[in-house]
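The block underneath contains the structure these notes are about, expressed in structure tokens.
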Amino acid sequence: MLRFILGRLAVLIPTFVGVSIIAFSFIRLLPGDPVMLMSGERVMSPERHAELMHQLGLDRPLYIQYFDYLGGLVTGDFGSSIVTKRPVLVDFMQLFPATLELSLCAIILAICLGIPAGVLAAVKRGSWLDQTVMGAALVGYSMPIFWWGLLLIIFFSGYLGWTPVSGRISLMYFFPPVTGFMLIDSLLSGQAGAFKSALTYLILPTIVLATIPLAVIARQTRSAMLEVLGEDYVRTARSKGLSPFRIVGIHALRNAMIPVITTIGLQVGVLLAGAILTETIFSWPGIGKWMVDSVFKRDYAVVQGGLMLIAGIIMLVNLVVDLTYGLVNPRIRH
Amino acid sequence: MSLLEIKNLTVEFETSSGLFRAVDGVSLSCDKGEILSIVGESGSGKSVSMLAVMGLLPWTAKITADRMAFDGKDLLKMSPRQRRKIIGKDIAMIFQEPMSSLNPCFTVGYQLGETLRFHMGLGRAARRQRSIELLRLVGIPAPEDRLSNYPHQMSGGMSQRVMIAMALACNPKLLIADEPTTALDVTIQAQILDLLVRLQKEHGMALVLITHDMGVVAETAERVQVQYAGQKVEEQPVKELFRDPHHPYTAALLSSLPERATVGGRLPSIPGVVPGQHDRPTGCLFSPRCTFATDLCRRSVTLQPPSLGSALCNYPLVGGVPQNHPGKTAALAEERA
Numbered sequence: 001m002l003r004f005i006l007g008r009l010a011v012l013i014p015t016f017v018g019v020s021i022i023a024f025s026f027i028r029l030l031p032g033d034p035v036m037l038m039s040g041e042r043v044m045s046p047e048r049h050a051e052l053m054h055q056l057g058l059d060r061p062l063y064i065q066y067f068d069y070l071g072g073l074v075t076g077d078f079g080s081s082i083v084t085k086r087p088v089l090v091d092f093m094q095l096f097p098a099t100l101e102l103s104l105c106a107i108i109l110a111i112c113l114g115i116p117a118g119v120l121a122a123v124k125r126g127s128w129l130d131q132t133v134m135g136a137a138l139v140g141y142s143m144p145i146f147w148w149g150l151l152l153i154i155f156f157s158g159y160l161g162w163t164p165v166s167g168r169i170s171l172m173y174f175f176p177p178v179t180g181f182m183l184i185d186s187l188l189s190g191q192a193g194a195f196k197s198a199l200t201y202l203i204l205p206t207i208v209l210a211t212i213p214l215a216v217i218a219r220q221t222r223s224a225m226l227e228v229l230g231e232d233y234v235r236t237a238r239s240k241g242l243s244p245f246r247i248v249g250i251h252a253l254r255n256a257m258i259p260v261i262t263t264i265g266l267q268v269g270v271l272l273a274g275a276i277l278t279e280t281i282f283s284w285p286g287i288g289k290w291m292v293d294s295v296f297k298r299d300y301a302v303v304q305g306g307l308m309l310i311a312g313i314i315m316l317v318n319l320v321v322d323l324t325y326g327l328v329n330p331r332i333r334h
Numbered sequence: 001m002s003l004l005e006i007k008n009l010t011v012e013f014e015t016s017s018g019l020f021r022a023v024d025g026v027s028l029s030c031d032k033g034e035i036l037s038i039v040g041e042s043g044s045g046k047s048v049s050m051l052a053v054m055g056l057l058p059w060t061a062k063i064t065a066d067r068m069a070f071d072g073k074d075l076l077k078m079s080p081r082q083r084r085k086i087i088g089k090d091i092a093m094i095f096q097e098p099m100s101s102l103n104p105c106f107t108v109g110y111q112l113g114e115t116l117r118f119h120m121g122l123g124r125a126a127r128r129q130r131s132i133e134l135l136r137l138v139g140i141p142a143p144e145d146r147l148s149n150y151p152h153q154m155s156g157g158m159s160q161r162v163m164i165a166m167a168l169a170c171n172p173k174l175l176i177a178d179e180p181t182t183a184l185d186v187t188i189q190a191q192i193l194d195l196l197v198r199l200q201k202e203h204g205m206a207l208v209l210i211t212h213d214m215g216v217v218a219e220t221a222e223r224v225q226v227q228y229a230g231q232k233v234e235e236q237p238v239k240e241l242f243r244d245p246h247h248p249y250t251a252a253l254l255s256s257l258p259e260r261a262t263v264g265g266r267l268p269s270i271p272g273v274v275p276g277q278h279d280r281p282t283g284c285l286f287s288p289r290c291t292f293a294t295d296l297c298r299r300s301v302t303l304q305p306p307s308l309g310s311a312l313c314n315y316p317l318v319g320g321v322p323q324n325h326p327g328k329t330a331a332l333a334e335e336r337a
């Protein structure tokens with residue numbers, strides 16, 4: 001087991017190097033530089049520009065800048081923001097709980113709806129229910145996430161006025177963050193109505209972010225379930241006189257979960273990518289919005305460091321998923 | 001009264017190109033403590049008729065029968081819930097592919113215990129004890145250790161033993177074995193057959209053995225029913241069947257046994273294949289492959305009395321000679337003389 005984990009961690013090293021090169025070079029391919037964007041509308045003399053670039057160390061050859069950044073990563077230093085001068089890691093730790101809260105709620109929603117929907121569609125194959133579920137999944141999967149978010153805002157916030165448009169909680173409430181999760185913190189604060197407020201702010205972004213994973217999980221569950229329901233061991237379970245609920249829910253589902261778990265693991269990447277759009281639409285103060293703002297400001301250090309941290313999280317989650325796989329499938333215990 | 005009684009069972013499947021009749025008017029009865037064997041080639045509807053009894057056919061199957069009763073109770077009139085109380089308890093079934101018939105995600109102990117919990121309501125300790133007892137009964141060494149095994153950790157023969165143990169869990173009155181040895185090595189085949197026959201005797205249960213292997217029939221069965229293309233073509237006690245088959249199909253099956261072939265000669269085979277959905281002949285279904293077929297056979301077929309094995313044939317064989325056959329009787333009699 002330990003050997004397996006160490007082996008998997010060793011494979012991550014070249015991946016990290018690859019991500020670091022991409023993060024470093026792609027942001028520099030964009031026209032403009034941080035100094036130019038900081039100066040804004042004001043006109044800056046070329047001398048002053050060169051002076052500031054020199055101060056930031058951005059006039060050095062690219063390979064030196066890269067190894068400087070890589071050296072920092074190895075020692076756990078993710079650099080400091082060019083704009084705010086705060087360490088990247090500190091900002092990340094402060095903003096990440098917001099993204100984590102949103103992503104967790106989204107993936108929980110996607111799992112809780114997607115798996116039952118997929119199972120029902122498979123069991124009632126060919127029925128109107130199956131066709132409705134699969135049709136909805138196809139629409140959900142194909143819909144551009146920013147457009148879907150805007151539609152929901154227009155309808156629920158604008159037309160019906162049920163939910164707020166942006167942010168994490170109403171301005172009427174203020175309390176210091178304890179866990180960083182607004183739902184938990186609002187409960188801990190003891191302020192009346194705070195939890196409800198946090199919840200109404202969370203609903204729409206969660207739905208938007210959950211849409212694609214939900215569609216993927218439902219489709220994957222359905223196809224895995226259809227395959228499993230035709231297996232000999234399902235016939236054996238039926239020949240024991242077990243209830244249909246037990247045959248589908250225990251004997252078939254356990255086997256169908258094996259590919260579904262892999263799919264859920266892959267959705268973590270989709271979630272973090274989706275979070276960038278969702279957080280921007282809903283002004284959700286998480287790392288997605290932080291990354292987008294940093295790209296616009298050409299804050300090289302934040303984009304590089306932030307990408308490395310996000311990549312690290314995705315790889316870690318995939319490792320955990322691989323370990324969970326063994327729990328469900330006895331044939332590949334390590 | 002027989003334990004299992006089926007009259008005129010027909011099973012049809014809805015396919016994209018119309019209805020396919022897999023079982024065509026089959027009747028069958030099996031008494032308490034009896035071994036009945038159903039023989040026939042692949043596609044003769046042996047398994048399908050038994051799956052219909054178990055209620056295990058997919059929803060595309062349409063089942064009709066004049067009567068389908070187990071232990072005096074009409075299976076067709078039961079609700080699915082009532083039927084599930086009998087299935088797995090009083091009627092149990094084992095299948096052809098033991099390796100894929102066990103659920104790969106659960107331990108042997110869990111899968112065995114499930115039946116005991118739902119039909120007998122046994123507690124955890126009692127289930128474990130009974131499971132060990134069952135595994136010992138089917139000849140599995142160190143049963144205590146096997147309980148925590150997963151199916152992939154066992155061989156085919158071992159898996160089939162576990163399947164048999166699972167089937168026997170609630171002391172069924174009827175065990176249906178669907179080609180239980182086909183997927184196993186020859187040496188293991190004999191062991192599993194011996195085990196089935198021994199358990200059948202010890203527990204006094206009825207056994208319906210589905211097979212395409214006449215050798216297996218000779219070794220185990222008491223009464224034999226021969227099926228062809230979804231129809232029952234002959235029914236006789238095993239000794240009589242082997243001595244004097246009345247249907248040309250049975251005779252052809254028997255003569256293709258290697259044990260019966262003359263030394264050095266070519267092993268006889270039946271030309272052609274079982275008709276499918278699109279090449280179903282009129283009259284006798286065996287007529288395209290039968291050496292005695294006449295124009296009458298291609299139009300219609302007669303059911304013979306039980307004294308002639310209830311053979312579904314216009315010219316049933318007696319002593320290898322087709323009765324009342326317009327052409328061949330004289331020639332054959334001459335040949336034999």
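Chains as they are written, first to last, in full-length UniProt numbering: chain A, 1 to 334; chain B, 1 to 337.
Glycine residues also receive a C-beta, built at the ideal position from the N, C-alpha and C atoms.
Quantities reported herein were computed from a predicted structural model and do not represent experimental measurements.
Between the beta-carbon of A/Pro205 and that of A/Gln267 there is about 16 Å, and that puts the pair past the 8 Å contact cut. In the structure shown, B/Phe106 falls within a coil segment according to DSSP collapsed to helix, strand and coil.
Contacts between A/Leu319 and chain B, judged by CB atoms closer than 8 Å, are missing: the closest CB pair is about 22 Å apart. The region 210–253 of chain A contains no complete beta strand (DSSP E) run of 3 or more residues. For B/Cys30, no CB of chain A lies under 7 Å from its own CB, so it is not counted at the interface with that chain. Setting aside the 5 residues that flank it on each side, A/Leu319 is surrounded in the same chain by Arg8, each with a C-beta closer than 6 Å to its C-beta; the list follows chain order. For the 7 Å CB-CB criterion, A/Gln304 and A/Ala23 form a contact. Between the region 78–86 of chain A and the region 243–257 of chain A there are fewer than three C-beta pairs closer than 8 Å, too few to call the two in contact.
B/Asp178 is bridged by DSSP to B/Ile210. At a cut-off of 7 Å between beta carbons, B/Asn149 makes no contact with chain A.
Secondary structure of B/Gln323 (DSSP, three-state): coil. For B/Met68, the beta-bridge partners assigned by DSSP are B/Ile6. Neighbourhood of A/Leu242 in chain B, by CB distance below 8 Å: Arg84, Gly88, Glu114 and Phe118, in chain order. If you draw a straight line from the Cα of B/Thr60 to the Cα of B/Ile35, it comes to about 31 Å. Between the C-alpha atoms of B/Tyr315 and B/Ala165 there is a straight-line separation of about 45 Å. Residue range Val186 to His203 is occupied by the alpha helix (DSSP H) that includes B/Val197, with no beta strand (DSSP E) assigned at that position. Looking at the backbone, the Cα of B/Pro288 and that of B/Arg298 are separated by about 8 Å.
Against chain A, a Cβ distance below 8 Å from B/His152 picks out Pro330 and Arg331.
In the DSSP secondary-structure assignment, B/Lys89 is not bridged to any residue. In this structure A/Met182 does not touch A/Glu279 by the C-beta definition: roughly 14 Å separates them, more than the 8 Å allowed.
In this structure A/Ile332 does not touch A/Thr263 by the C-beta definition: roughly 17 Å separates them, more than the 8 Å allowed. In the structure shown, A/Val178 falls within a coil segment according to DSSP collapsed to helix, strand and coil.
Look at B/Ser79: its C-beta is not under 7 Å from any C-beta on chain A. Between the region 232–241 of chain A and the region 124–139 of chain A, the count of C-beta pairs closer than 8 Å stays below three; the two stretches do not touch. The shortest CA-to-CA distance from A/Leu6 to any of A/Leu323, A/Ile153, A/Val17 and A/Ser239 is the one to A/Leu323.
Within chain A, the residues whose beta carbon sits less than 8 Å from that of B/Ser101 are Asp232, Tyr233, Arg235 and Thr236, listed in sequence order. B/Ala61 is bridged by DSSP to B/Phe13.
Here B/Tyr228 carries a strand assignment [DSSP, helix/strand/coil]. Around the beta-carbon of A/Cys105, 16 or more other beta-carbon atoms lie within 10 Å, marking it buried. Taking 7 Å as the CB threshold, B/Cys105 lines the interface with chain A.
If you check the CB distance, B/Pro143 and B/Ile132 come in under 7 Å. Judged by DSSP secondary structure, A/Leu52 falls within the alpha helix (DSSP H) whose first and last residues are Pro46 to Gln55.
With fewer than three CB-CB distances shorter than 8 Å, the region 66–78 of chain B does not count as touching the region 150–160 of chain B. Secondary structure at B/Ser155: coil, using DSSP grouped into helix, strand and coil.
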